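*Asks:* Okay, handing you the structure first.
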């Protein structure tokens, strides 16, 4: 979900969740792209060529949303109650008028796993037979796998008999999914650096689709889990790779907007997943609907251009130049050959000086130990809450499919809001207020009665919007509080530690079995603590980005952009105005 430095093998670790990518590239902060950015301005910053490729690259973002969170429906619990042999028959339904004396209630709902024991010594009622109140005791008993279901929905729970005390196996699917992402994202970054962005996108996307189709044929829980892991191990790189390819041929003034818009397609993918799941309520067919079309991503090998920056890093100068010439031709712009030659000459010089300086990463860890620890906690909190809210949305009450679709749609304003507030309020206060708003909503939801569905939903959606907004701010903010030569490494470190939160998030619905509001209280606690701790970060809005460790340490004393024009003229990086 984070930054991937071009051509050096360091790789993004996801988030959203999920997975976002190169923040520095998105903001135009790289100091090695001046010649290429000048060409992009000349050939059109977001012309027809970029639009065509951008639209194509939104497709993997949708598929990545399907792949990374489909387990919400394929491995969900199903609403059920114990079968009562004395009363149930082939025509009885989930809700019957005799349930009040045959099945106990738990948290104001029918107990899914227990029924009242019968009194064997009691004679049957002459009219009602054994389905009479006097025939049942107040002592409860388990009912094994003898259930009556409310809906027609089929998940691995019904397929493999995973109920009651075994429901932890369903939550474990989400954890294994995120472990697969934890393994797959750095591996995907390595292979993308080695074999190319386009190649990785096409191969990983089609392989992930194949894993999903095989998973739909699973004959056991173990087989399902193996292919859930393999799916994410090969497919989790879709988000960061598509993200990079989409923004790197967009001009610097359009890059932040392009980075924001493409992340919106991930949110739309989540919402569309909720719709598809409502129409296809059998887990095997749902997986096929989601994954079979994704096999066509192999066609990207022939219809997408390779990354220009990757081609240059590999010394494939003519191929890189051909991509730029084709872009200029489709955009109907002139591209002077001398400007192309200047880019290639500059690239040759960089490659000849490729005896890379050693990044003082260990010194930076010691130098910024408290800042890094705070940053890791902030990433952990965001991944825990952002994913945890998505997973708990289906437990709100009402229609779970509608809840999940709303969970996807509410992320869109959350992704756009930072463009409005980050420059006006500042990174630090925007981040803090967004997290505290989420904490307030989560804490308040614990005081809403269980039958107040509207109140719970409103607080949930505001909380989800707030954490989405703060997560988007965090991507920018984290890339601006560390010095240039360790920025990508420390950003990756923070986000990789943060992924522990996404591994734990699938377990949070289990807390509701002990106390119905336990997940909300957990989210509120972390958001409150981490929200206040963000005030310990330095403010970076409108300031020159730090080059040295000393500059990063003294960010609170740094000049604002309007006081630092001379620094810009010397080529110093500046925290971008995201509202551009």
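Numbering (my numbering), first residue to last: 2 to 581. For every residue, glycine included, the Cβ atom is placed at its ideal position computed from N, Cα and C. No experiment lies behind these values; they were computed from the predicted model shown.
(1) Where residue 150 and residue 89 are concerned, what is the direct C-alpha to C-alpha distance, given to the nearest angstrom?
(2) To which residues of the same chain is residue 105 closer than 7 Å at the C-beta, ignoring the five residues directly before and after it?
(3) Could you pull the DSSP bridge partners for residue 110 from this structure?
(4) Leaving aside the five residues before and after residue 432 along the sequence, list all residues of the same chain whose C-beta is less than 7 Å from its C-beta, in chain order.
(5) Run the CB neighbour count on residue 223, radius 10 Å, all protein chains shown included, and call it buried at 16 or more, exposed below.
(6) Can you find the residues in the same chain that come closer than 8 Å, C-beta to C-beta, to residue 221, ignoring five residues on each side of it along the sequence?
(7) Got a sec, what are the start and stop residues for the beta strand (DSSP E) residue 83 sits in?
(8) Hey, out of 233, 77, 491, whose CA is closest to residue 168's CA?
(9) When you compare each of 508, 481, 444 to residue 554 by their alpha carbons, which one comes out closest?
(10) Buried or exposed: residue 404, going by 16 or more other Cβ atoms within 10 Å of its Cβ?
(11) Does the beta-carbon of residue 406 have 16 or more other beta-carbons within 10 angstroms, so that it is buried, or is it exposed?
(12) Just verifying my parser: in three-state terms, what is the DSSP assignment at residue 117?
(13) Which residue spans inside the stretch 493–519 form an unbroken alpha helix (DSSP H) run of at least 4?
(14) Which residue's Cα is closest to the Cα of residue 395: 538, 458, 334?
(15) Kindly give me the distance between the Cβ atoms of residue 216 and residue 288, rounded to whole angstroms, as I take these residues to be in contact under 8 Å.
(16) For the pair the stretch 204–218 and the stretch 295–307, tell me if three or more CB-CB distances fall below 8 Å.
(17) Give the straight-line distance between the Cα atoms of residue 47 and residue 327, rounded to the nearest whole angstrom.
(18) Below 8 Å, how does it come out for the stretch 263–271 and the stretch 407–418: are there three or more Cβ pairs, yes or no?
(19) For the candidate residues 501, 44, 71, 164, whose alpha-carbon lies nearest to that of residue 275?
(20) Given a cut-off of 7 Å on the beta-carbon distance, is the pair residue 331 and residue 43 in contact?
(21) Going straight from the alpha carbon of residue 548 to that of residue 539, what length do you get?
(22) Please return the same chain residues whose Cβ sits closer than 8 Å to the Cβ of residue 185, not counting the five positions on each side in sequence.
(23) Report all residues from its chain with a CB closer than 7 Å to the CB of residue 132; omit the five preceding and five following residues, and keep chain order.
(24) Skipping 5 residues on each side, what residues in its chain have a beta carbon closer than 7 Å to that of residue 192?
*Replies:* Reading off the structure:
(1) In the chain shown, the residue the question calls residue 150 occupies position 149. In the chain shown, the residue the question calls residue 89 occupies position 88. Looking at the two C-alpha atoms, the distance is approximately 12 Å.
(2) What you label residue 105 is simply residue 104 of the chain shown in a count that begins at 1. Counting only Cβ-Cβ distances below 7 Å, and skipping sequence neighbours, we find 112, 115, 117, 141.
(3) Sequence index remark: in the chain shown, residue 110 carries index 109 (1-based). Looking at the DSSP assignment, residue 110 forms a beta bridge with 107.
(4) Mapped onto the chain shown, residue 432 falls at position 431. Here the set comprises 471, 474, 475, 478, 535.
(5) If you number the chain shown from 1, residue 223 lands on position 222. Label assigned to residue 223: exposed.
(6) Position 220 of the chain shown, counting from 1, holds the residue named residue 221. 161, listed in sequence order.
(7) Looking up residue 83 in the chain shown gives position 82. Unbroken beta strand (DSSP E) run through residue 83: 81–83.
(8) Numbered from 1 along the chain shown, position 167 holds the residue referred to as residue 168. The candidate whose alpha carbon is nearest that of residue 168 is 77.
(9) As a position in the chain shown, residue 554 is number 553, starting the count at 1. Selected option, being the one with the closest Cα: 481.
(10) Walking along the chain shown from the start, residue 404 turns up at place 403. Looking at its Cβ environment, which holds 16 or more other Cβ atoms inside 10 Å, residue 404 is buried.
(11) By 1-based counting over the chain shown, the position of residue 406 is 405. So residue 406 counts as buried.
(12) In the chain shown, counting from the first residue as 1, residue 117 sits at position 116. Three-state DSSP puts residue 117 in a strand.
(13) 509–512
(14) Position 394 of the chain shown, counted from the first residue, corresponds to residue 395. Checked all of 538, 458, 334; the closest Cα to residue 395 is 458.
(15) Counted from its first residue, the chain shown places residue 216 at position 215. Counted from its first residue, the chain shown places residue 288 at position 287. With a Cβ gap of about 6 Å, residue 216 and residue 288 count as contacting.
(16) yes
(17) Numbered from 1 along the chain shown, position 46 holds the residue referred to as residue 47. Numbered from 1 along the chain shown, position 326 holds the residue referred to as residue 327. Each residue's Cα considered, the two are about 14 Å apart.
(18) yes
(19) As a working note, residue 275 is residue 274 in the chain shown. When only C-alpha atoms are compared, the closest one is 71.
(20) The residue labelled residue 331 in the question sits at position 330 within the chain shown. The residue labelled residue 43 in the question sits at position 42 within the chain shown. Cβ atoms of residue 331 and residue 43: not closer than 7 Å.
(21) The residue you call residue 548 lines up with position 547 of the chain shown. The residue you call residue 539 lines up with position 538 of the chain shown. Residue 548 and residue 539: Cα-Cα distance of roughly 15 Å.
(22) Within the chain shown, the letter at position 184 stands for residue 185. Result list for residue 185: 233, 234, 235, 236, 237, 238, in chain order.
(23) Counting from 1 along the chain shown, the entry for residue 132 is found at position 131. The residues are 87, 88, 99.
(24) As a first step, residue 192 must be located in the chain shown, where it is residue number 191. Hits under 7 Å: 201.
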